[in-house]
Amino acid sequence: MRRVLPFTIVSVTGFFMLVQYFIPREEFEWIYEWTLDWIIVIGCFAMLLGLYSLTYVSVNKVRRKTPGWGYNLIALAGLFFMLIVGFVPGQESLVRGSVFMHLFEYVYVPVQAAMFSLLAFYIASAAYRAFRARTVLATILLVSAVIIMLRLVPLGPLSGINQWLANFILTVPNMAAKRAFWIGVGLGATATALKIMLGIERTYMGRD
Amino acid sequence: MHPSPDIGIWIGALLTLGIFSFLYGDNPYYKFCEALFVGVSAGHWFVTLFWTVFVAKMIRNVEIGLNTFITQGFSAGMADYVHWSYIFGGILGFLMLLRLFPKIGWISRWSLAFVVGTTSGLFFINYLVSNGLRQVEKSILSLGAEFWFGNLILVVGTFCGLIYFFFSKEHKGAFGGLARVGIWFLMITFGATFGYTVMSRMSLLIGRMDYLLGNWLGLIG
Amino acid sequence: MRKVAIFVFFLLFSSIFVFPPDKAFAQEETEMPASPTKVEASDTPNDNGHSITVKWKLSADDGAGKNNVVVYEVLRSDSPEGEFELRGMVPAGESVFEDQGAKDRQSPNYLPSHKKFYYTVRAKGDGIYSDSEVSAPGYAYGQWFHTGKFPVFVAVLAFSAFALIFISLARKGKKLYVRPLAGIEAVDEAIGRATEMGKPILYIIGLGSADMIATIASFTILSRVAKKTAEYQTPILIPCYDAVVMAVAQETVKAAYLEAGRPDIYKEENVFFLTSMQFAYVAGVNGIMLRERPATNFYLGKFYAESLILAETGSVAGSIQISGTDEIAQIPFFVAATDYTLIGEELYAASAYLGREPVLLGTLKGQDWGKAVVIISLILGAIAASLHFQFFLDLFRVQL
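Residue numbers (this note's numbering), protein chains in the order written: chain A, 154 to 361; chain B, 1148 to 1368; chain C, 199 to 598.
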């Protein structure tokens, strides 16, 4: 029962979502919309689990004084301070000008942007490693990337040719490979979904 | 040089420098910024989700649903059921929380099964349509049209790319040759994607430099 | 003089009847366009039962005759003698209108199913109009099958048939060959390396939620990887981006440890939630990579812009890295920065490769047959399109 019922739920809900696609009737539309909303609601409740997990792991590290426990304390402080300034004023906390939104604007936003901008450095180091033309495949990768990178750079008499090449690469071979990729992904994802619905793949569900 | 008088910009700038210090190596300054970032972001996410989804959707709809049920009973239409259907969603959500109690934690699998099952059924169709049928529809191209050369390369590239993704046949002989052509096409795509994103990544860095040198220190702009 | 004045007045007066001023204009002012005819109201096919399609025969003055029809207005009433309300307009030349209503009773545009409505169509031009006769009643009702989605139905049956046939063959013991994948073959070596070094394994399920198929594929791989780590007694760390993903991951890993016969070494705190904000998650994972120094990193699932930061940091930390995603935009970065990459469909095939269960390998064969059908369709389609045979293209067209 403990094991059979979850797999039954998986199969029933899976096949319902599959079948409802073909049935345009109103009742099926309603149940489809409710189902999607219920997933959001489950996610809402699950956030409590997430919060508990983060707190538990951090508190454990602080208690055991594992190396770097001070930083876990900072994370906990940041978390709980946000919770306090977010819940105490009520829904007003989401209004611009509140302490909650100030912390978002002056702590979260700049740090997020800084993390994102690290990509500029990492893309350079990744390019250095990837663009060593030791194999045919690496050479193709390099040539294609260089042509596309230079398409926005004024190259004098070569600009026209480069632009044409870049446009050709983007619209023809690039699109061809993408289609093959997407078709492959589509078939793979469909097969995975079918395996889950038929109960062939069961490893994601726990057991006692 | 006209540094900003805004304390918020100073905080943002110092945290930005802390993140950039990671490029040199892991250090206490970066660790402090990272820890603060993780804590603040988790708190922000939780609070926002609570007010904008849990309260605005879940609580509000359950409230309307209960009122509708009290006033109209079972004679309400399907459009009204949507409100008190959230009660059922709430029950599924509550079952998730039982994970916190080891003895009855197994009940939470019903909610997980609901999510996984719904996802599977939905994506079975979605991927078959969007990644399967639609891509095939777009890949059917005339070789007698004006741009026949491009169409030919598109058809050949798609054909060879699909050959590459065959799992149950060894890449040997003619089949292997076609698969090799397929991976060449894929490499062209990967190179193009790489080159395409370089500029946008650089512009992110320019944005941060603008923030530090302009908004914070007032050296530019 | 008086006689001349009377004579001139008489002439002027009578000229009104001989040459009436603006007689042509007065006639045009009162001449209405011909009314549309044969108005029919019927249920709109392939819908949820809240839409009625109105068709009519164009007015004789539409594109002909006086050519004075500009627009058709469609009006509806729930009785033939009742008040008609405007439901919409279509330009001249069109003879079909879909009266789409809402299914929500509270909506002002609610159109109930199985309720009879009467329609009239008004041909209008330059402020003058004429109405058609009232149509016979029509009502909306929902269909049980969307005929526009028939190609999808065929595709579902075909794909399922391929998969089930090969699953059945696999169950009967037929050996199925699968070509080697470098990324999969490296998994054992990668886990062994972690065991030798006494370092943990880091498994990143990606930034997808549990309602994404790539994340579910990652769970199926995680189960096999976790089972191996349980056998080798190597710790596995799984920082999660989504709380539901964390819950499923905990179930998956716990079951894997149970299957390996080592439930005693399972630690739930190794599968934990970090944050649900993209770059905060990355910052946290970077910290874990640099402090815990895992010997092996797995990046399998849904990734976005953060993929390169994760992969580069892992590279700096000296880990062996195996990646896989179905996001084509992130594959180049994984190819550049990680040791092995599972490209697209290979991510979905990985669980079959790792488990080597015949039934799973059977579905791989089914996928290959699906690709074979696509290839044949491409070739036949190119020939058909070149010869201008539209019917072949229509086979794949899905109407939503």
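Just so you know, even glycine gets a beta-carbon here, dropped at the ideal spot from N, CA and C. Since the structure is predicted, the reported quantities are computational estimates derived from the model, not experimental observations.
Residue burial classification, residue i (beta-carbon count within 10 angstroms, cutoff 16)
i        : result
P219(C)  : Because P219(C) carries a pLDDT of 46, less than 50, the predicted location of this residue cannot be relied on, and the following value inherits that uncertainty. With fewer than 16 Cβ atoms within 10 Å of its Cβ, P219(C) is classed as exposed.
Q304(C)  : exposed
L435(C)  : buried
Q1219(B) : exposed
L545(C)  : buried
F223(C)  : Bear in mind that a pLDDT of 42 at F223(C), under 50, signals an unreliable position, so the number given afterwards is only what the model happens to contain. Burial call: exposed.
W342(C)  : exposed
A334(C)  : exposed
Q519(C)  : buried
S246(A)  : buried
P1150(B) : exposed
M1148(B) : exposed
F160(A)  : buried
T219(A)  : exposed
R249(A)  : exposed
E1181(B) : buried
Y316(C)  : buried
T235(C)  : exposed
G1361(B) : exposed
A330(A)  : buried
G247(C)  : buried
Q225(C)  : For Q225(C), the pLDDT reaches just 43, beneath the cut-off of 50, and the residue's location in the model is therefore unreliable, leaving the point undetermined.
P307(A)  : exposed
H1230(B) : buried
L1242(B) : buried
R1348(B) : buried
I195(A)  : buried
F253(A)  : buried
I293(A)  : buried
E394(C)  : exposed
Distance cut-off 6 angstroms: residue i Cβ against heavy atoms of the ligand FAD
i       : result
Y497(C) : Ligands in the displayed structure: none, and consequently the ligand FAD is not present.
Best match in the options for proximity to residue i [C-alpha to C-alpha]
i        : options                                : result
A279(A)  : F1313(B), T1344(B), G1264(B), A1321(B) : T1344(B)
G429(C)  : R460(C), I365(C), V288(C)              : The amino acid at residue 429(C) is misidentified as Gly; the sequence shows Glu. Checked all of R460(C), I365(C), V288(C); the closest Cα to E429(C) is R460(C).
R285(C)  : E292(C), S275(C), S293(C)              : S275(C)
L606(C)  : D329(C), G522(C), L362(C), S584(C)     : Any question about residue 606(C) goes unanswered here, given that chain C covers just 199 to 598.
T1265(B) : I353(A), L207(A), I193(A)              : I193(A)
G371(C)  : H586(C), G291(C), L559(C), I574(C)     : L559(C)
F168(A)  : I1254(B), V1263(B), T1199(B), S1168(B) : V1263(B)
T288(A)  : I1287(B), F1314(B), R1327(B), Y1171(B) : R1327(B)
K500(C)  : A412(C), A509(C), K452(C)              : A412(C)
A230(A)  : V212(A), Q244(A), G243(A), I349(A)     : V212(A)
G1237(B) : Q316(A), W191(A), I353(A), A298(A)     : W191(A)
A478(C)  : K465(C), L508(C), L456(C), P349(C)     : L508(C)
Neighbour flag for residue i against chain F, beta carbons, 7 angstroms
i       : result
S251(A) : Absent here is chain F; the protein component of the structure consists of chains A, B and C.
Handout entry: Chain-ordered residues of the segment 1307-1333 of chain B with a beta carbon less than 8 angstroms from chain C
Key = L1309, I1310, F1312, F1313, F1314, S1315, K1316, E1317, H1318, L1333
Problem - Validate contact between the segment 340-350 of chain A and the segment 1261-1281 of chain B using beta carbons, cut 8 angstroms, 3 pairs - result: In short, these stretches touch, since the Cβ pair count reaches three.
Practice task
Compile a chain-ordered list of the residues in the segment 484-497 of chain C whose CB is closer than 7 angstroms to at least one CB of chain A.
Solution key: Listed in chain order, the positions of the segment 484-497 of chain C with a beta carbon within less than 7 angstroms of a beta carbon of chain A are R489.
Problem - the segment 1155-1164 of chain B in contact with the segment 256-276 of chain A per 3-pair CB rule at 8 angstroms - result: yes
Handout entry: Segment contact, 8 angstroms Cβ cut-off, at least three pairs: the segment 269-277 of chain A with the segment 1348-1357 of chain B
Key = With a cut-off of 8 angstroms, the segment 1348-1357 of chain B and the segment 269-277 of chain A count as touching, because enough Cβ pairs lie within range.
Exercise for the section: Please specify which runs of the alpha helix (DSSP H), each continuous and at least 4 residues long, are wholly inside the segment 240-326 of chain C, giving them in chain order. Expected result: none
Practice task
Using a Cβ-Cβ cut-off of less than 9 angstroms, list which residues of the segment 1182-1201 of chain B approach chain A; keep chain order.
Solution key: A1182, L1183, F1184, V1185, G1186, V1187, S1188, A1189, G1190, H1191, W1192, F1193, V1194, T1195, L1196, F1197, W1198, T1199, V1200, F1201
Practice task
Report the residues of the segment 401-414 of chain C with a CB closer than 8 angstroms to any CB of chain B, ordered along the chain.
Solution key: A408, D409, M410, I411, I414
Problem - Near-chain C residues of the segment 179-204 of chain A (beta-carbon distance less than 7 angstroms), N- to C-terminal order - result: E179, E182, I192, I195, G196, A199, M200, L202, G203
Exercise for the section: Please confirm if the segment 358-368 of chain C is in contact with the segment 413-423 of chain C, defined as three or more CB-CB distances below 8 angstroms between the two stretches. Expected result: no
Practice task
Decide yes or no for the touch test of the segment 544-564 of chain C against the segment 1259-1266 of chain B: beta carbon pairs closer than 8 angstroms, at least 3 of them.
Solution key: Touching, no.
Practice task
Decide if the segment 520-539 of chain C is in contact with the segment 382-395 of chain C; the criterion is three or more beta carbon pairs, one per stretch, under 8 angstroms apart.
Solution key: Yes: the two stretches touch, three or more of their Cβ pairs being nearer than 8 angstroms.
Practice task
At 3 residues or longer, and completely inside the segment 479-526 of chain C: list those beta strand (DSSP E) runs for me, N to C.
Solution key: 494-500, 518-523
Exercise for the section: Kindly confirm or deny that the segment 222-238 of chain A and the segment 1184-1192 of chain B touch, where touching means at least three C-beta pairs closer than 8 angstroms. Expected result: With a cut-off of 8 angstroms on Cβ pairs, the segment 222-238 of chain A is in contact with the segment 1184-1192 of chain B, counting three or more such pairs.
Practice task
Report the residues of the segment 449-461 of chain C with a CB closer than 8 angstroms to any CB of chain B, ordered along the chain.
Solution key: E449
Handout entry: Residues, ordered as in the chain, of the segment 250-284 of chain C that lie near chain A by beta-carbon distance below 9 angstroms
Key = none
Practice task
Quick one: which residues of the segment 1336-1360 of chain B get their C-beta closer than 8 angstroms to a C-beta of chain C? List them in chain order.
Solution key: T1336, F1337, G1338, T1340, F1341, T1344
Exercise for the section: Say whether the segment 1306-1313 of chain B touches the segment 317-337 of chain A, bearing in mind that this needs 3 or more beta-carbon pairs closer than 8 angstroms, one atom from each stretch. Expected result: yes
Exercise for the section: Determine contact between the segment 507-517 of chain C and the segment 299-316 of chain A, defined as no fewer than three beta-carbon pairs at a distance below 8 angstroms. Expected result: no
Exercise for the section: Scan the segment 294-316 of chain A for residues whose Cβ lies nearer than 9 angstroms to a Cβ of chain B and list them as they occur along the chain. Expected result: L294, L295, V296, S297, A298, V299, I300, I301, M302, L303, R304, L305
Practice task
Closer than 9 angstroms, Cβ to Cβ, to anything on chain A: give me those residues from the segment 359-386 of chain C, in chain order.
Solution key: Within the segment 359-386 of chain C, the residues whose Cβ lies closer than 9 angstroms to some Cβ of chain A are A361, L362, I365, listed in chain order.
Exercise for the section: With 9 angstroms as the limit, tell me which residues of the segment 1253-1282 of chain B have their beta carbon closer than that to any beta carbon of chain C; keep them in chain order. Expected result: From the segment 1253-1282 of chain B, only S1255, R1256, S1258, L1259, V1262, V1263, T1265, T1266, S1267, L1269, F1270, F1271, I1272, N1273, Y1274, L1275, V1276, G1279, L1280, R1281, Q1282 have a Cβ closer than 9 angstroms to chain C.
Exercise for the section: Please determine if the segment 1310-1317 of chain B and the segment 580-591 of chain C are in contact, where contact requires at least 3 C-beta pairs separated by less than 8 angstroms. Expected result: no
Practice task
State whether the segment 343-359 of chain A contacts the segment 448-463 of chain C, with contact taken as three or more CB pairs (one from each stretch) at a distance under 8 angstroms.
Solution key: yes
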